[in-house]
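Below is one structure, written out as structure tokens; comments come after it.
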Amino acid sequence: MTKLTKTWVAVIGAILAIGLLLPLLPVLANTSPSATPVKPATVNLTGTIKKLAVEGTCYQLAADNGKKYELMGKFPKIDGIRVQVSGVPKSDMVTICQVGQPLQVKTVRVIK
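Here our numbering is used: position 38 in the sequence shown is 39, and no number is missing along the way.
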């Protein structure tokens with residue numbers, strides 16, 4: 002078999018393999034065209050807001066559960082203040098600060 006023939010056999014084999022696997026892609030991805038997207042769950046956290054000098058100024062919630070969240074949205078930008086926060090964790094994004102999992106703040110209550 003010549004080198005050119007071997008190349009064509011490989012190309013045709015690859016095309017056939019792709020054609021056979023194409024219908025299985027939604028199954029392999031565990032999705033279907035009619036599947037509804039999952040709405041991210043809201044979390045309720047208590048912790049301390051920390052002002053960090055990273056890439057300018059970044060704000061982090063050091064939660065009482067030991068996790069760190071980068072706060073996004075409206076919240077008191079006061080270092081050291083204790084708060085209860087309700088928000089949606091964003092696992093599908095990367096931020097400039099990268100000081101914890103991004104958390105889109107919905108509500109904040111200052112703890113005195």
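Cβ coordinates follow ideal geometry from the N, Cα and C atoms, glycine included.
| Asked | Found |
| --- | --- |
| Going by the CB atoms, is the gap between V111 and V84 shorter than 8 Å? | yes |
| Where does the unbroken beta strand (DSSP E) through V44 begin, and where does it stop? | V44 to L53 |
| Output needed for I97: all residues of its chain with C-beta closer than 6 Å, excluding positions within five of it in sequence on either side, in chain order. | E56 |
| Quick check on the burial criterion: 16 or more other C-beta atoms within 10 angstroms. Buried or exposed for Q61? | buried |
| Per DSSP, Q105 forms a beta bridge with which residues? | M73 and V89 |
| Can you pull the DSSP bridge partners for A64? | G48 |
| Look at the Cβ atom of K52, then the Cβ atom of T58, and state whether they are nearer than 8 Å. | yes |
| Look up C98 in the DSSP assignment and give the residues it is bridged to. | In DSSP, C98 forms no bridge with anything. |
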